[in-house]
Amino acid sequence: MTKISMKYTFLIHRYVVQKLSQSSIHTPITANSVIFQKKTKSMQLFRLLPILCLLFALTACNSSSKKNGQQIEEESSTVFYLIRHAEKDRSDPEEKDPALTPEGQLRANYWSDLFREVPFSAVYSTDYARTRQTAEPTAASKQLNTMIYENGAALVKEWIAQHKGGHVLVVGHSNTIPGIANALLGEEKYSQIEDTNNANLYIVHVKGQNAESILLQPEPINRNHMVPQELP
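Our numbering applies: residue 193 is where the sequence shown begins, and numbers increase by one.
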């Protein structure tokens, strides 16, 4: 059974309290013709619970157990958080390296806000403006440099060895992120992401030769994510 430090439990609890103390209803706003619908506290909590519960389940990586009175150190585990880049500017079909739209910037800040209690040891991005800009708010909040990668599916063994016991964020594309998740799992579980979907969060928990995953679609972005807020 995974053991969770009291410090980390407290941080997650504080995050729940902070979220629930926010305004009960978000006023609908428009950003690049996207309407953000009203949300109640109960809806916010419902969408937050899967992520918070998963963090409780996956957090402490270097746990130990006793056998015949002796302390036995269990194998370290690594947690990967895989996301596609946020919404990109599609106004110029000839642009091969588009930046994020204002809505995409909102989503990038949203990821940073959502991941605020995750102790990332590394942040990876492909070398495109849209992926770098998606990764940057989270990397900056963790005081990490975004590391550039190519062909992530071929790098998973290296990443697991390099970041054993850590939490790793990987930002990629609709046709690469599912493949990275599948490579970590050792099975073809996920298919390509639909082009209109920028919200998927794949969390893969790797421990030894075993791996488990979950696919989440967190709450929609809203005005509160224009600038990530600090916990009190």
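Think of the CB as a built atom: it goes at the ideal place given N, C-alpha and C, for glycine as much as any other residue. Quick caveat, the model's predicted, so the values are computed rather than measured.
Quick one: what's got a C-beta closer than 6 angstroms to residue i's C-beta in the same chain, skipping five residues either side?
i	result
P329	A300, N301, S304
A391	Q409
I352	T270, V398
P285	none
A327	V315, S317, T338, V363
Q335	none
I believe residue i touches residue j by the beta-carbon criterion, under 8 angstroms. Please report the beta-carbon distance rounded to the nearest angstrom.
i	j	result
Y316	V360	7 angstroms
N374	K381	6 angstroms
I275	L407	About 11 angstroms separates the two Cβ atoms, so there is no contact after all.
8 angstroms is my cut-off, CB to CB: does residue i come that close to chain B?
i	result
G364	In the structure shown, chain B does not exist; there is a single protein chain.
Got a sec? Which residues, its chain only, sit under 8 angstroms from residue i by beta carbon, not counting five neighbours each side?
i	result
G378	A403
E287	D281
L347	Y341
T368	T318, G344, A345
C245	With a pLDDT of only 46 at C245, under 50, the local geometry of the prediction cannot be trusted, and no value is derived from it.
Checking 8 angstroms against the spacing of the C-beta atoms, do residue i and residue j come in under that value?
i	j	result
V363	F272	no
L298	R322	no
Q384	S405	no
Mark residue i as exposed unless 16 or more other C-beta atoms lie within 10 angstroms of its C-beta, in which case mark it buried.
i	result
P311	exposed
I340	exposed
T219	Because T219 sits at a pLDDT of 32, beneath the cut-off of 50, its placement in the model cannot be relied upon, and the following sentence gives the value as read from the coordinates. The residue in question, T219, is exposed, as its Cβ has fewer than 16 Cβ neighbours within 10 Å.
R324	buried
P425	Since the first residue shown for the chain is 193 and the last is 424, residue 425 is missing from the structure and cannot be characterised.
E279	buried
K349	exposed
E386	exposed
F238	With a pLDDT of only 41 at F238, under 50, the local geometry of the prediction cannot be trusted, and the value read off the model is given with reservation. Classification for F238: exposed.
T232	Caution applies to T232, whose pLDDT of 41 falls short of 50 and renders its modelled position unreliable; the value that the coordinates give is listed next. So T232 ends up on the exposed side.
Among the residues of its own chain, which have a CB less than 7 angstroms from the CB of residue i, if the five just before and after it don't count?
i	result
S313	H355, G358, H359, V360
A331	V315, N337, T338
V226	Since pLDDT at V226 reaches only 32, below the 50 mark, its modelled position is unreliable, and the value read off the structure follows with that caveat. Within the same chain, V226 has close Cβ partners E295.
I372	L274, G344, A345, V348, V362, G364
D289	Y320, A321
L376	F272, V348, V396, V398, A403
S283	none
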